[in-house]
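In full-length UniProt numbering, the protein residues as written are 1 to 422. To start, the structure itself, in structure tokens.
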Ligand SMILES: *Cc1c(COP(=O)(O)O)cnc(C)c1O
């Protein structure tokens, strides 16, 4: 195997890598191409992808249907600005998303990343109150364990400890970040907080069902019903950030469809294009949208990312929805859940493991302390799998079409590397 390709050594002094202490981190693995559920490295090794490239590649890589759609759109129009111009991929995608989402979540605002869609949802919530003539609704209520992005405003609604952003405490106005109402006591505490401070709060924001980057923490749908009840009781908006759980990951297409709880705004990204191109959306209910519908130009939502509704990305998202329409993903997610349950069970006995849990196509092994990410990644690569732990968890979120054999290889590698095989 070549020690290191020239492009890596030449580019390495110039590329600033994500979430990375550049001085001490091991060199990144070099990717030649992707195929199915595998990442093929420059040295010829093939790694089964256990985390679907940060939860994006839900159909695996290089899906021919998405590729054809993107190639056709590339030949027609790779990009046009969205101000004053319209194109079929975006308008078709908006109507399809509105049809898939529950209630009156009908108004789709496109952006290019998850964080920006959360920023837009927050801005919609703030301006909803301003446009209705209600002053003082400037705060967001968020939940411990949550993660909503890395930009300045989204950092304020992340878990202050787990959210990776504690250095910046004090830079932005602090938001109340409290425990999820998982039981009667925490529900009463949230009820009391909203009774006291509800007049300051524009919206509550939550990752429904599974808090992802904050530690793969699960809660049941009763929590979401409580949040909806409390939001209604105190007249506070409710935002579901479904950037991680959306598109089938928990076994329902969306948490809001599966739980029967309809938020006022929902954010989507990650698997929206099947892991091919950057795209996100903040989708508002009619109630929100109507507060902006006016003869007053000042009541408009003044936002418009340059690459919003990129036609290539929208074509990819439409093709991804076609694949979802076959319904195969449901059986795949159920099959993956079974495979994760059985395959990860031996980890319960491994040193330092405090919990093993599965929800849909998400399998989690939680430790009593933060894990050594670099060393574990290297161990996983030796087992022929790509898995990147975070914080205290080693987790699997494979692409839905993963084969039985590949899934067994993933769970086997986790068991072996965390020392579960005795
Ligand atoms: C990844 C993620 C984001 C941020 O998305 P980016 O595209 O990385 O900006 C926000 N919310 C949740 C729940 C996420 O998982």
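By construction, the Cβ of each residue, glycine as well, lies at the ideal position given by its N, Cα and C atoms.
Limits of the alpha helix (DSSP H) - the one that residue i falls within
| i | result |
| --- | --- |
| residue 234 | 221–234 |
| residue 88 | 88–100 |
| residue 204 | Residue 204 -> not in any alpha helix (DSSP H); beta strand (DSSP E) instead, spanning 201–206. |
| residue 373 | 373–382 |
| residue 410 | 404–417 |
| residue 70 | 64–76 |
| residue 167 | Per DSSP, residue 167 belongs to no alpha helix (DSSP H) and is neither H nor E. |
| residue 322 | 311–325 |
| residue 197 | 184–197 |
| residue 299 | Here residue 299 belongs to no alpha helix (DSSP H), and DSSP marks it neither H nor E. |
| residue 4 | Looking at the DSSP string, residue 4 is not in any alpha helix (DSSP H), and its letter there is neither H nor E. |
| residue 154 | 152–155 |
Any non-hydrogen atom of ligand 1 within 6 angstroms of residue i CB
| i | result |
| --- | --- |
| residue 207 | yes |
| residue 43 | no |
| residue 109 | no |
| residue 39 | no |
| residue 289 | no |
| residue 283 | no |
| residue 145 | no |
| residue 148 | yes |
| residue 244 | yes |
| residue 352 | no |
| residue 214 | no |
| residue 114 | yes |
| residue 269 | yes |
| residue 241 | yes |
Rounded Cβ spacing between residue i and residue j (contact assumed at less than 8 angstroms)
| i | j | result |
| --- | --- | --- |
| residue 236 | residue 283 | Not quite, the Cβ-Cβ distance comes to about 19 angstroms (not below 8 angstroms), so this is no contact. |
| residue 178 | residue 140 | Between residue 140 and residue 178 the Cβ distance is about 12 angstroms, and since that is not below 8 angstroms, they are no contact. |
| residue 279 | residue 313 | 4 angstroms |
| residue 182 | residue 219 | 6 angstroms |
| residue 101 | residue 254 | 7 angstroms |
| residue 115 | residue 154 | 5 angstroms |
Residue i (DSSP reduced to helix, strand or coil)
| i | result |
| --- | --- |
| residue 107 | strand |
| residue 423 | Examination of residue 423 is not possible in this model, given that the chain is present from 1 through 422 alone. |
| residue 31 | strand |
| residue 36 | strand |
| residue 41 | strand |
| residue 139 | strand |
| residue 215 | coil |
| residue 112 | coil |
| residue 240 | strand |
| residue 333 | helix |
| residue 49 | strand |
| residue 122 | helix |
| residue 128 | helix |
Residue range of the beta strand (DSSP E) that includes residue i
| i | result |
| --- | --- |
| residue 265 | 265–268 |
| residue 367 | 362–367 |
| residue 358 | 353–359 |
| residue 259 | Looking at the DSSP string, residue 259 is not in any beta strand (DSSP E); the run it does join, the alpha helix (DSSP H), is 255–259. |
| residue 280 | 280–285 |
| residue 396 | 393–396 |
Assess contact between the segment 234–254 and the segment 292–311, defined as three or more Cβ pairs (one per stretch) separated by less than 8 angstroms. Is contact present? Result no; under three Cβ-Cβ pairs closer than 8 angstroms.
Are at least three pairs of beta-carbons, each pair with one atom in the segment 45–64 and one in the segment 374–394, less than 8 angstroms apart? Three or more beta-carbon pairs drawn from the segment 45–64 and the segment 374–394 are found closer than 8 angstroms, and the two stretches are therefore classed as touching.
Validate contact between the segment 390–405 and the segment 51–64 using beta carbons, cut 8 angstroms, 3 pairs: Output reads yes: the segment 51–64 touches the segment 390–405.
Are three or more beta carbon pairs between the segment 367–375 and the segment 176–195 nearer than 8 angstroms? In short, these stretches do not touch, since the Cβ pair count stays below three.
On the three-pair Cβ rule with 8 angstroms, is the segment 372–380 touching the segment 341–350? The segment 372–380 vs the segment 341–350: no contact.
Inter-stretch contact at 8 angstroms, needing at least 3 Cβ pairs: the segment 61–75 / the segment 226–241: In this structure the segment 61–75 does not lie against the segment 226–241, because fewer than three pairs of beta carbons, one per stretch, are closer than 8 angstroms.
For the structure I just gave you, are there three or more beta carbon pairs, one from the segment 211–224 and one from the segment 354–365, closer than 8 angstroms? Output reads yes: the segment 354–365 touches the segment 211–224.
If we count Cβ pairs, one from each stretch, closer than 8 angstroms, do we get three or more for the segment 265–284 versus the segment 104–124? Contact holds: three or more Cβ-Cβ distances are below 8 angstroms.
Is the number of C-beta pairs between the segment 124–134 and the segment 316–334 that are closer than 8 angstroms three or more? Segments in contact, no.
Any contact of the segment 101–111 with the segment 166–174, i.e. 3+ C-beta pairs under 8 angstroms? No, because fewer than three Cβ pairs between the segment 101–111 and the segment 166–174 fall closer than 8 angstroms, the two stretches do not touch.
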